[in-house]
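>
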Amino acid sequence: MDMIAKNVQALEKLTVHTHNQDFLLTWEKSRDEIEALLLTAEIFSEMHRQKKPFRLFDSGLAISIFRDNSTRTRFSFAAAVNALGLGLSELDEVKSQIAHGETVRETANMISFLAEAIGIRDDMYLGEGNRYMREVSAALEEGFEAGVLHQRPAVINLQCDIDHPTQTAADLLHIRNHFGSLEALRGKKIAMSWAYSPSYGKPLSVPQGIIGLLTRFGMEVTLAHPPGYDLIPEVLEIARRNSAASGGSFRRTESMAEAVAGADIVYPKSWAPYRVMEERTSLLKRGDREGLKALEKECLANNARFKNWECDAAKMKGTKGGSALYMHCLPADISGVSCERGEVAREVFEKYRLETYREAGFKPFVIAAMIAMARIPDLPTHLARLNA
Amino acid sequence: MDMIAKNVQALEKLTVHTHNQDFLLTWEKSRDEIEALLLTAEIFSEMHRQKKPFRLFDSGLAISIFRDNSTRTRFSFAAAVNALGLGLSELDEVKSQIAHGETVRETANMISFLAEAIGIRDDMYLGEGNRYMREVSAALEEGFEAGVLHQRPAVINLQCDIDHPTQTAADLLHIRNHFGSLEALRGKKIAMSWAYSPSYGKPLSVPQGIIGLLTRFGMEVTLAHPPGYDLIPEVLEIARRNSAASGGSFRRTESMAEAVAGADIVYPKSWAPYRVMEERTSLLKRGDREGLKALEKECLANNARFKNWECDAAKMKGTKGGSALYMHCLPADISGVSCERGEVAREVFEKYRLETYREAGFKPFVIAAMIAMARIPDLPTHLARLNA
Amino acid sequence: MDMIAKNVQALEKLTVHTHNQDFLLTWEKSRDEIEALLLTAEIFSEMHRQKKPFRLFDSGLAISIFRDNSTRTRFSFAAAVNALGLGLSELDEVKSQIAHGETVRETANMISFLAEAIGIRDDMYLGEGNRYMREVSAALEEGFEAGVLHQRPAVINLQCDIDHPTQTAADLLHIRNHFGSLEALRGKKIAMSWAYSPSYGKPLSVPQGIIGLLTRFGMEVTLAHPPGYDLIPEVLEIARRNSAASGGSFRRTESMAEAVAGADIVYPKSWAPYRVMEERTSLLKRGDREGLKALEKECLANNARFKNWECDAAKMKGTKGGSALYMHCLPADISGVSCERGEVAREVFEKYRLETYREAGFKPFVIAAMIAMARIPDLPTHLARLNA
Numbered sequence: 015m016d017m018i019a020k021n022v023q024a025l026e027k028l029t030v031h032t033h034n035q036d037f038l039l040t041w042e043k044s045r046d047e048i049e050a051l052l053l054t055a056e057i058f059s060e061m062h063r064q065k066k067p068f069r070l071f072d073s074g075l076a077i078s079i080f081r082d083n084s085t086r087t088r089f090s091f092a093a094a095v096n097a098l099g100l101g102l103s104e105l106d107e108v109k110s111q112i113a114h115g116e117t118v119r120e121t122a123n124m125i126s127f128l129a130e131a132i133g134i135r136d137d138m139y140l141g142e143g144n145r146y147m148r149e150v151s152a153a154l155e156e157g158f159e160a161g162v163l164h165q166r167p168a169v170i171n172l173q174c175d176i177d178h179p180t181q182t183a184a185d186l187l188h189i190r191n192h193f194g195s196l197e198a199l200r201g202k203k204i205a206m207s208w209a210y211s212p213s214y215g216k217p218l219s220v221p222q223g224i225i226g227l228l229t230r231f232g233m234e235v236t237l238a239h240p241p242g243y244d245l246i247p248e249v250l251e252i253a254r255r256n257s258a259a260s261g262g263s264f265r266r267t268e269s270m271a272e273a274v275a276g277a278d279i280v281y282p283k284s285w286a287p288y289r290v291m292e293e294r295t296s297l298l299k300r301g302d303r304e305g306l307k308a309l310e311k312e313c314l315a316n317n318a319r320f321k322n323w324e325c326d327a328a329k330m331k332g333t334k335g336g337s338a339l340y341m342h343c344l345p346a347d348i349s350g351v352s353c354e355r356g357e358v359a360r361e362v363f364e365k366y367r368l369e370t371y372r373e374a375g376f377k378p379f380v381i382a383a384m385i386a387m388a389r390i391p392d393l394p395t396h397l398a399r400l401n402a
Numbered sequence: 015m016d017m018i019a020k021n022v023q024a025l026e027k028l029t030v031h032t033h034n035q036d037f038l039l040t041w042e043k044s045r046d047e048i049e050a051l052l053l054t055a056e057i058f059s060e061m062h063r064q065k066k067p068f069r070l071f072d073s074g075l076a077i078s079i080f081r082d083n084s085t086r087t088r089f090s091f092a093a094a095v096n097a098l099g100l101g102l103s104e105l106d107e108v109k110s111q112i113a114h115g116e117t118v119r120e121t122a123n124m125i126s127f128l129a130e131a132i133g134i135r136d137d138m139y140l141g142e143g144n145r146y147m148r149e150v151s152a153a154l155e156e157g158f159e160a161g162v163l164h165q166r167p168a169v170i171n172l173q174c175d176i177d178h179p180t181q182t183a184a185d186l187l188h189i190r191n192h193f194g195s196l197e198a199l200r201g202k203k204i205a206m207s208w209a210y211s212p213s214y215g216k217p218l219s220v221p222q223g224i225i226g227l228l229t230r231f232g233m234e235v236t237l238a239h240p241p242g243y244d245l246i247p248e249v250l251e252i253a254r255r256n257s258a259a260s261g262g263s264f265r266r267t268e269s270m271a272e273a274v275a276g277a278d279i280v281y282p283k284s285w286a287p288y289r290v291m292e293e294r295t296s297l298l299k300r301g302d303r304e305g306l307k308a309l310e311k312e313c314l315a316n317n318a319r320f321k322n323w324e325c326d327a328a329k330m331k332g333t334k335g336g337s338a339l340y341m342h343c344l345p346a347d348i349s350g351v352s353c354e355r356g357e358v359a360r361e362v363f364e365k366y367r368l369e370t371y372r373e374a375g376f377k378p379f380v381i382a383a384m385i386a387m388a389r390i391p392d393l394p395t396h397l398a399r400l401n402a
Numbered sequence: 015m016d017m018i019a020k021n022v023q024a025l026e027k028l029t030v031h032t033h034n035q036d037f038l039l040t041w042e043k044s045r046d047e048i049e050a051l052l053l054t055a056e057i058f059s060e061m062h063r064q065k066k067p068f069r070l071f072d073s074g075l076a077i078s079i080f081r082d083n084s085t086r087t088r089f090s091f092a093a094a095v096n097a098l099g100l101g102l103s104e105l106d107e108v109k110s111q112i113a114h115g116e117t118v119r120e121t122a123n124m125i126s127f128l129a130e131a132i133g134i135r136d137d138m139y140l141g142e143g144n145r146y147m148r149e150v151s152a153a154l155e156e157g158f159e160a161g162v163l164h165q166r167p168a169v170i171n172l173q174c175d176i177d178h179p180t181q182t183a184a185d186l187l188h189i190r191n192h193f194g195s196l197e198a199l200r201g202k203k204i205a206m207s208w209a210y211s212p213s214y215g216k217p218l219s220v221p222q223g224i225i226g227l228l229t230r231f232g233m234e235v236t237l238a239h240p241p242g243y244d245l246i247p248e249v250l251e252i253a254r255r256n257s258a259a260s261g262g263s264f265r266r267t268e269s270m271a272e273a274v275a276g277a278d279i280v281y282p283k284s285w286a287p288y289r290v291m292e293e294r295t296s297l298l299k300r301g302d303r304e305g306l307k308a309l310e311k312e313c314l315a316n317n318a319r320f321k322n323w324e325c326d327a328a329k330m331k332g333t334k335g336g337s338a339l340y341m342h343c344l345p346a347d348i349s350g351v352s353c354e355r356g357e358v359a360r361e362v363f364e365k366y367r368l369e370t371y372r373e374a375g376f377k378p379f380v381i382a383a384m385i386a387m388a389r390i391p392d393l394p395t396h397l398a399r400l401n402a
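Sequence lines, in order, name chains W, C and U.
Residue 15 is where the first sequence starts when you use the numbering used here, and the numbers rise one by one after that.
Residue 15 is where the second sequence starts when you use the numbering used here, and the numbers rise one by one after that.
Residue 15 is where the third sequence starts when you use the numbering used here, and the numbers rise one by one after that.
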């Protein structure tokens, strides 16, 4: 039996309640639903490889709202919705009237009369991004209930201030394939580590998303960062609970070397302390340019104290067998390539470069899977039929 | 017999000459053609509700040219053309070379080799928008006649300085459904009233489009505005002639309260006096920033004299049974929501909010109907086949 | 036998190795491949005229990267990929993170997971545009070989610093149709002549592309320009070699009148001297605004010495029978229309205006043919099937 047939069979055994639901945080989804997401994404990927179309819609729009720059996620979303048969419309808030005081509620309905999915990226403002997604979602729910909308579009989180589920699901698929199965992840050590970057204000969504998701699979998850570079407390609590429930572990350290020692996987990635992001959010809201400049200067100075938080060959040597899997959500700050000193040494990155491309390559299929699971009732039957 | 079948049957009895024609002004279309537009839009809406595709094209482009910001119309157009099977390309005059002296004639042909429809929004310059659409149209006609274009794309007016047919057709469908039939509109009173807004320079196309269209159905149409807030004289004349021909009435008043008294429908909406729009057009053409600032200041001061032109609960009480249908093309200036004082009181808007969403919800289907009627010969037969 | 069937039959006899290949320079393609391109483009055009769809893809993205403004090419690309069944995504480098130091290599893979074609326009920097295309191409090749990409997207040159193959292939199709056959072009005289323009910095790709392509068909090609307005030497060498091989001729002159005398075809078009483009490139790279201003001033002053290099009625009189075919890639600088003095006199342009539109009209079909030939194995069989 080929992989597609096996996955469809596995899908049929899972308990999944994703129809008419958004995808906002991985920890709002059951373990079965996460597994179904991986299986579906993998089916789509394999179908694409085999040049089998998986158009599940005759027509309909998918709308993207990017409140931060994006190349990868933008194209992943575009590719995903095209493959499903949807047309893409981007809500560009410069072009549109959103900036001129329209309520979110109204706009959400106005753009959605024939929409099947709305992908949103809003990761700049702590306390705002995920909340904005929920506002859109509530407006769509109201419109659908009132018959304003003929269908309930799914809101897909393309990165918010809390989580980055399309990225972390792709990451999970990547390591599942690397180690052979979800079961094989049990006991594997991953170091989710802060790393030095010459820029500032990078979102927290990836490290938070990683510790929130991978703790569900019995992994030994270590979060490492310099003093002060904290993530938001709620997500730490979720990671703790997840690891307790899954039989894994979750610990924190202030040493990168300690975190990566013996690790099966290293994920070195810069971020800003959550308290800085809070302050930045309130400065941005007030439009306080002087304050923002001062904050940036202070933060960069602080970052600079931790230039040795670089994933270099020496640190990689300390990992399990000296050959841990290096991961990154891209683009990485590569020392001597994209910056003088950065998150990762050139030689380390180059060794794993194509691996990080492969990791990213799951993203369009993950997004397609999220949309299909939210919009197509009885999806496994459709997938079975398409592959009959 | 279900609604779709009934509509198709009704369509077949109408005399329609819309093939290869543009849709620029409602009053250039016959009464049968307007009815056919409503029936077709309703068929599309119902098919969408029933999840029946109405792709009438295998491929082809629909092009939008927005010379003013737009969220709603942009997405309505995107949704409509996607549902018909067309690809959307937006002509962004910042990205393109249009600003660098290309003639409209040439560009119209260059973008249209595989185009089926061109939607244009150009409502900023009095005397210009509709004229621009006709220039594009003439160029397409020439290109088609000369064999440069294999097909004659339809120009669809997505709002100009004179009319806003996609909006008013959606409005008409909304009130037809509210009152049960087009016949039932006979004798119904509608107050198309100016309302206070803290902004300036709002186009005249909605009030002009409303009085130009609704006077054709035997309605009693009252246009209300403060002294000086005149619409362009030609459209007033059209409204007068239409009402005479249809057995309705058209009158003007300078009192909002008087207009809404006993009304079945109220449509309170701000606009700028046409003489101001003329002056603004010539200032914009000359790039006279100081002049524009002075004009804005003067106009806002003048607006401020009419802050009581707000659709509030007291005025609604004076309508027929205290429960007239409130309409708006959105976004409304809602007092205490989007501005301190605006066109409509918060409580009035909130009561009718979902109704205004529903009103807007017809727009994608109206646009799809306009394109289909212009491009698909023998459309009723196609619709019958799709629903067999 | 109809034209489509004849073309398909002719196609089947040609030796074509374009599968999984880019289209970057016409002189990298064999004579058979150029002929196949024309035949395929003509089949698509005729199918479109007959309203026969030529969707050769179920789904997939085509990506455009425009590093210079464009209306015509943008819409030609959009139309072509839509007709083939692909979805269009534009990589807007302002919106995206490319400007922030990402490597071309990485981005090329990140945007291409489900891409079938990447169209690039990069004509501003001498020595850069074509090189950039090859960097993208090498990255895609690497990604495909490593299994990162399931398919190898074709890079299509939508205009670079060296060549403009989509334009010149459309030009060739136009003159082939005008004179009846490729064979009939043998011995025909074409004057590719510089012409005066009040602007500066126009790319060299059209004149270079024309002399590089038309010298392959036994034509007598004359390149005319004022002293100093040289093209890049490598392309002159290619033109010389091509004409020697094809039995035509290639000569240069510094007199427009001499070039057009007795010509069957005139192609008057402004460009900047290649040495100016080199200097401009280095000033642009250094961000030297003062230097750029000084260069522009100097160049415009130099241009102004050659205002008589205008394609006017008197010069047209000197052509073969006084009725040479006038060609232009559009938009032309038309004296008294788009500028005071320009490349072509108003009356000359007006006489050939619709002809230039027709010339441009081949472009979408040429682009579609380039993509289809690169991506669809055994294309003639597919075309035969679609037209059975």
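We put the CB at the ideal spot given by N, CA and C, even for glycine.
Spatial neighbours of GLU270 (chain C) within its chain, please: C-beta separation below 7 Å, excluding the five flanking residues on both sides.
This sequence places Met at residue 270 (chain C); Glu is not what is there. SER207, ALA238, TRP323 and LYS329, listed in sequence order.
> Based on DSSP bridge pairs, tell me the residues matched to GLY133 (chain C).
Paired residues: C:SER78 and C:ILE170.
> So, with DSSP's three-state summary, where would you put LYS27 (chain U)?
Coil, per DSSP.
> Using a Cβ-Cβ distance under 8 Å, would HIS178 (chain W) count as near chain U?
No, HIS178 (chain W) does not count as interfacial toward chain U.
> In terms of alpha-carbon separation, which member of W:ASN21, W:GLN23, W:LEU38 and W:ASN34 lies closest to GLY223 (chain W)?
For GLY223 (chain W), the nearest C-alpha among the options comes from W:LEU38.
> Would you kindly check if the distance between the Cβ of PHE376 (chain C) and the Cβ of SER59 (chain C) is under 8 Å?
Yes. Within cutoff.
> Could you check what DSSP says for GLY101 (chain W) in three-state terms: helix, strand or coil?
Correct three-state label for GLY101 (chain W): strand.
> Spatial neighbours of ASP347 (chain C) within its chain, please: CB distance less than 6 Å, with the 5 preceding and 5 following residues excluded, ordered by chain position.
Cβ within range, chain order: SER211, CYS353, GLY356 and GLU357.
> Could you confirm whether any beta carbon from chain U is found closer than 8 Å to the beta carbon of HIS62 (chain W)?
Answer yes: the Cβ-Cβ gap between HIS62 (chain W) and chain U drops below 8 Å somewhere.
> To the nearest angstrom, how far is it from the Cα of LEU100 (chain C) to the Cα of ALA388 (chain C)?
In a straight line, the C-alpha of LEU100 (chain C) is about 14 Å away from that of ALA388 (chain C).
> Which of the three DSSP states is assigned to THR121 (chain W) in this structure?
Note: THR121 (chain W) maps to helix in three-state DSSP.
> Among the residues of its own chain, which have a CB less than 6 Å from the CB of ASP278 (chain U), if the five just before and after it don't count?
Once the five neighbours on either side are set aside, the close Cβ partners of ASP278 (chain U) are LYS202, LYS203, LYS334 and ALA338.
> Here's a check: name, in chain order, each residue in its chain whose Cβ is nearer than 7 Å to the Cβ of VAL362 (chain U), leaving out the five neighbours to either side.
Cβ within range, chain order: CYS325, ASP326, ALA327, MET330 and TYR340.
> Can you pull out the residues from the segment 337-360 of chain C whose beta carbon lies closer than 8 Å to at least one beta carbon of chain W?
Residues passing the 8 Å Cβ filter: LEU344, PRO345, VAL351, SER352 and CYS353.
> Just the chain W side, please: which residues come within less than 7 Å of ARG81 (chain C) by C-beta, in chain order?
Residues of chain W passing the Cβ test: none, with the nearest at roughly 12 Å.
> Rounded to a whole number of angstroms, what is the C-alpha to C-alpha distance between GLU364 (chain U) and GLU120 (chain C)?
C-alpha separation (whole angstroms): 11 Å.
> Helix, strand or coil for PHE376 (chain C) per DSSP?
Note: PHE376 (chain C) maps to coil in three-state DSSP.
> Could you check if HIS31 (chain W) is buried or exposed, using at least 16 other CB atoms within 10 Å of its CB as the buried criterion?
Looking at its Cβ environment, which holds fewer than 16 other Cβ atoms inside 10 Å, HIS31 (chain W) is exposed.
> Along the chain, where does the beta strand (DSSP E) containing TYR288 (chain U) start, and where does it finish?
Where TYR288 (chain U) is concerned, there is no enclosing beta strand (DSSP E), although the alpha helix (DSSP H) it sits in stretches over 288-300.
> For the alpha helix (DSSP H) that ILE279 (chain U) lies in, which residues bound it at each end?
ILE279 (chain U) -> not in any alpha helix (DSSP H); beta strand (DSSP E) instead, spanning 279-282.
> Would you list, in chain order, the members of the segment 67-95 of chain C that have their beta-carbon closer than 8 Å to a beta-carbon of chain U?
Residues passing the 8 Å Cβ filter: ASP72, SER73, GLY74, LEU75 and ILE77.
> Since ASN123 (chain W) meets chain C, which of its residues come closer than 7 Å, beta carbon to beta carbon?
Here the neighbours are TYR371.
> Check the C-beta distance from LEU314 (chain C) over to TYR214 (chain C) and give it rounded, since I have them as a contact under 8 Å.
5 Å between Cβ atoms; contact.
> Under the three-state reduction of DSSP, which class applies to GLU156 (chain U): helix, strand or coil?
Helix at GLU156 (chain U).
> Taking only runs that begin and end inside the segment 202-269 of chain C, name each unbroken alpha helix (DSSP H) of 4 or more residues, in chain order.
Complete alpha helix (DSSP H) runs here, min 4: 219-228 and 247-260.
> At a CB-CB cut-off below 7 Å, which residues of chain C make contact with GLY375 (chain U)?
Those are PHE127 and VAL162, listed as they occur along chain C.
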